[in-house]
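Protein chains in written order, with numbering that gives the first Met the number 0: chain F, 0 to 327; chain E, 0 to 327. This report refers to the structure that appears directly beneath it.
There are 2 protein chains.
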Amino acid sequence: MELSRRQALAGAAMTAALPLFQSNHASADAVAPQHQVASYYRYKVGDILVTVVSDGAATFPLADNFVLNANRDQVNAALDKAFRPKDQLTIPFGPLVLNTGGKTVLIDTGSGAAAFTKSKGAVGQFGANSAAAGVDLSKIDMVVISHFHGDHVGGLLTADNKPAFPNAEILVPEVEWKFFMDDGEMSRAPAGRMQAVFKENRRVFDALGRKVTPYQWGKDVAPGLLAVETIGHTPGHTSFVLSSGNDKVFIQSDVTNTPDLFVRNPGWHVSYDQIPDVAEATRRKVYDMLVAERLKVQGYHYPFPGVGNIEKDGSGYRVVPVAWNPSI
Amino acid sequence: MELSRRQALAGAAMTAALPLFQSNHASADAVAPQHQVASYYRYKVGDILVTVVSDGAATFPLADNFVLNANRDQVNAALDKAFRPKDQLTIPFGPLVLNTGGKTVLIDTGSGAAAFTKSKGAVGQFGANSAAAGVDLSKIDMVVISHFHGDHVGGLLTADNKPAFPNAEILVPEVEWKFFMDDGEMSRAPAGRMQAVFKENRRVFDALGRKVTPYQWGKDVAPGLLAVETIGHTPGHTSFVLSSGNDKVFIQSDVTNTPDLFVRNPGWHVSYDQIPDVAEATRRKVYDMLVAERLKVQGYHYPFPGVGNIEKDGSGYRVVPVAWNPSI
Chain F
0 MELSRRQALA
10 GAAMTAALPL
20 FQSNHASADA
30 VAPQHQVASY
40 YRYKVGDILV
50 TVVSDGAATF
60 PLADNFVLNA
70 NRDQVNAALD
80 KAFRPKDQLT
90 IPFGPLVLNT
100 GGKTVLIDTG
110 SGAAAFTKSK
120 GAVGQFGANS
130 AAAGVDLSKI
140 DMVVISHFHG
150 DHVGGLLTAD
160 NKPAFPNAEI
170 LVPEVEWKFF
180 MDDGEMSRAP
190 AGRMQAVFKE
200 NRRVFDALGR
210 KVTPYQWGKD
220 VAPGLLAVET
230 IGHTPGHTSF
240 VLSSGNDKVF
250 IQSDVTNTPD
260 LFVRNPGWHV
270 SYDQIPDVAE
280 ATRRKVYDML
290 VAERLKVQGY
300 HYPFPGVGNI
310 EKDGSGYRVV
320 PVAWNPSI
Chain E
0 MELSRRQALA
10 GAAMTAALPL
20 FQSNHASADA
30 VAPQHQVASY
40 YRYKVGDILV
50 TVVSDGAATF
60 PLADNFVLNA
70 NRDQVNAALD
80 KAFRPKDQLT
90 IPFGPLVLNT
100 GGKTVLIDTG
110 SGAAAFTKSK
120 GAVGQFGANS
130 AAAGVDLSKI
140 DMVVISHFHG
150 DHVGGLLTAD
160 NKPAFPNAEI
170 LVPEVEWKFF
180 MDDGEMSRAP
190 AGRMQAVFKE
200 NRRVFDALGR
210 KVTPYQWGKD
220 VAPGLLAVET
230 IGHTPGHTSF
240 VLSSGNDKVF
250 IQSDVTNTPD
260 LFVRNPGWHV
270 SYDQIPDVAE
280 ATRRKVYDML
290 VAERLKVQGY
300 HYPFPGVGNI
310 EKDGSGYRVV
320 PVAWNPSI
């Protein structure tokens, strides 16, 4: 706002100055506490308590190939339209803790405690935010993994490569498990990022003695938690429908990455999508369903707390965030 | 989602069941902590630290005259479009604590501690959320009031009618002060709600010995905090531009009530608007300015944390919330 405009808005009522800066206090009293609130948030789905426990957010420069089929100008235009800074991205991470049917269930783990140091505290916040939320990680009964990327499975291990959830059964999508643990698939994978994904999964799951329970689509993997095939992002990528009574929420995992780009432009392919055309078909099918059914959606890479509804907007969609409830 | 649709989404990969419900734990281990996170949120405006400290949210049935110039069906359609429940409203309250220029400044107070008991904890959360944020109310140097409604001034007093900010200078809009403390204006005010507003202000300010500092529009009332005339909601209703370096945010106070109704439909008059036509003119002027300048806005009655940008949408506007920052 320019000064002239400020003055215009301020109107004509500017007469003599009043002693507005009187204060009895030394400025030393005004030292500000600098901590951010712990980023967890609770809501109910019928009888089920959902706790979104943020693992933080990563900020990095926009790479030219971040969107495979849109150029830098197009991506910057989308960021600008969403009032986000250009030429950079901030991607948050939202694991979920469910209290359902007497079980404590975690969906996806964040990147793990080692990421906290590496990112100077930006990522790897799951442990601290869980503690603030009163979630005891030793009492988690089940960890349900949506797919095998490091920001979803890395937290299965502590910083010194021990099991982070010593008393939990680890459930993984059967198709994902078969693909990423197959030596032939690994040998045929392109060098670079894909080889790294294979190696990271072997590192994580070998440290767990490969002691996992593969699960199948179309079945409840925990009370009220239906596993749904939403492949394309990875070969075994899984979403979930969480239901209790008449209430439900669609837990999309990575059907889209950041909504500012990929909900608004469902035809855009994020470089992390392993099978881009299949991922796009899945995305359009899921989002058309979310619109038609007015179904709430929880997005792992949506801004915290990451729950909202979807409306159609031109050739894409947009997220209408749920109104924050200060009392559950 | 219908079962047929669920199965379709789930795909064909449904073979033999696996033992998915194995767990080593008794369900007694899974007792859920039920507390919501404390609703405070921090962000920087240049060198200034802003802490939004929620006072909670009130939920009440939709009254036929809540919007003076829209009927129940129209209001319900707007609520439905925003994915909110019909026939009820939830209105949040967002006081702000600023650490600016060595001063700790509070803008508006919430309804006060007495409201906590009366609302069974839904409202009057400012004290608890301040404590969680590490804000010491005895060290607040200045309280800046935007206008004289109970949800903005009620918290000036404790539950037993003592000053809640014993060491703070209380700054009030000069025009608002003159209007509401004028015995002639009070005698001419309509019975019912308007009489109650006059009486509530006398109750609050008499308990403070009427010891306030009236402030004027067009001047900084605290370091970086410019008071701006935005009348209509009340005769002395004030907004603020908070600036530091190249960064700024427009603190709108009650230029709109809930954005789902009044940002989307700026021509609608909430029953709380004392001079509805003037309030509407102010609202349109402010929102056109927010769009033209791409200026961030902080809304007292926006869903927590209540900060976003504004875009034009048809004949109205919509809020694009700022992406939550887990680290400040």
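Backbone N, C-alpha and C fix where the C-beta goes; we use that ideal spot for every residue, glycine too. Bear in mind that the values here come from a model prediction, so they are computed numbers and not experimental data.
Contact belief for residue i with residue j at Cβ below 8 angstroms, rounded distance in angstroms
i	j	result
F:P32	E:A132	7 angstroms
E:V277	E:K295	Between E:K295 and E:V277 the Cβ distance is about 25 angstroms, and since that is not below 8 angstroms, they are no contact.
E:V122	E:F92	7 angstroms
F:P325	E:A56	6 angstroms
F:V211	F:V174	The pair is not a contact, with the Cβ atoms about 13 angstroms apart (cut-off 8 angstroms).
E:V240	E:V285	Between E:V285 and E:V240 the Cβ distance is about 11 angstroms, and since that is not below 8 angstroms, they are no contact.
F:A280	F:G231	7 angstroms
F:T233	F:Q194	About 15 angstroms separates the two Cβ atoms, so there is no contact after all.
Closer than 8 angstroms to chain A by CB, residue i
i	result
E:H34	In the structure shown, chain A does not exist; the protein chains are F and E.
Sequence-distant residues of its chain with Cβ nearer than 8 angstroms to residue i (five each side left out)
i	result
E:D140	K102, T103, V104, N166, A167 and E168
F:Q73	V66
E:P162	L155, L156, A206 and L207
Contacts around residue i, its chain only, beta-carbon distance under 6 angstroms, and the 5 residues preceding and following it disregarded
i	result
E:N64	S270
F:D46	S243
E:V134	V96
Separation of residue j from residue i, as counted between CA atoms
i	j	result
E:D287	E:E228	16 angstroms
E:S53	E:A69	29 angstroms
F:R79	F:K85	Before going on, a small fix: residue 79 of chain F reads as Asp here, not Arg. Cα to Cα, F:D79 sits roughly 6 angstroms from F:K85.
F:V328	F:G235	Past the edges of chain F, shown from 0 to 327, lies residue 328 of chain F, and the structure says nothing about it.
E:N160	E:R282	34 angstroms
E:D246	E:V306	14 angstroms
F:L207	F:A221	21 angstroms
E:T116	E:V152	17 angstroms
F:Y40	F:P304	6 angstroms
F:G313	E:Y214	47 angstroms
F:V36	E:A37	7 angstroms
E:V49	E:I250	11 angstroms
E:V290	F:L224	42 angstroms
F:V319	F:N308	5 angstroms
F:I327	E:H34	8 angstroms
E:S238	E:A81	26 angstroms
F:P60	F:T89	9 angstroms
F:G120	F:S129	15 angstroms
E:F179	E:V203	12 angstroms
E:R192	E:M185	12 angstroms
F:A188	F:S145	21 angstroms
F:V142	F:W176	15 angstroms
F:E310	F:T58	27 angstroms
Where the beta strand (DSSP E) containing residue i begins and where it ends
i	result
E:N308	V306 to D312
E:Y42	Y39 to V44
F:S129	Run containing F:S129: none in the beta strand (DSSP E); it sits in the alpha helix (DSSP H), F125 to A132.
F:Y316	G315 to P320
F:F92	Run containing F:F92: none; DSSP gives neither H nor E here.
F:S242	T237 to S243
E:Q73	No beta strand (DSSP E) holds E:Q73; the alpha helix (DSSP H) holding it covers R71 to K80.
E:F249	D246 to S252
E:V104	K102 to I106
F:T212	T212 to Y214
7 angstroms Cβ shell around residue i - same chain, five flanking residues per side excluded
i	result
E:E199	G149
E:P94	V52, D54, L105, I106, D107, T108, G109 and F125
F:W267	V66, N68, A69, L260 and F261
F:M13	With a pLDDT of only 31 at F:M13, under the threshold of 50, the placement of this residue in the model should not be trusted, and no figure is reported.
F:P18	At F:P18 the pLDDT is 32, less than 50, meaning the model places this residue with poor confidence and gives no usable figure here.
F:P258	G298, Y301 and V318
F:S137	P165 and N166
E:A112	G123, G126, T157 and A158
Endpoints, the alpha helix (DSSP H) within which residue i is located
i	result
F:P275	P275 to E292
F:M193	R192 to A206
E:M185	D182 to R187
F:L260	P258 to F261
E:V152	G149 to V152
F:T58	Run containing F:T58: none in the alpha helix (DSSP H); it sits in the beta strand (DSSP E), A56 to P60.
### Message
Can you pull out the residues from the segment 132-145 of chain F whose beta carbon lies closer than 8 angstroms to at least one beta carbon of chain E?
### Response
Cβ contacts with chain E come from A132, G133, V134, K138, D140 and M141.
### Task
Please name the residues in the segment 261-284 of chain F whose beta-carbon is closer than 8 angstroms to at least one beta-carbon of chain E, in chain order.
Across the segment 261-284 of chain F, CB contacts with chain E closer than 8 angstroms involve K284, in sequence order along the chain.
#### Entry: Residues, ordered as in the chain, of the segment 205-228 of chain E that lie near chain F by beta-carbon distance below 9 angstroms
Correct list: T212, P213, Y214, Q215, W216, G217, K218, D219, V220, A221, P222, L225, A226, V227 and E228.
### Message
Give me the subset of the segment 296-322 of chain F whose CB atoms are less than 7 angstroms from a CB atom of chain E, sorted by chain position.
### Response
Correct list: P302, F303, N308, V319, P320 and A322.
### Query
Just by C-beta distance, which residues in the segment 99-111 of chain E are closer than 7 angstroms to chain F?
Listed by position along the chain: G101, K102 and T103.
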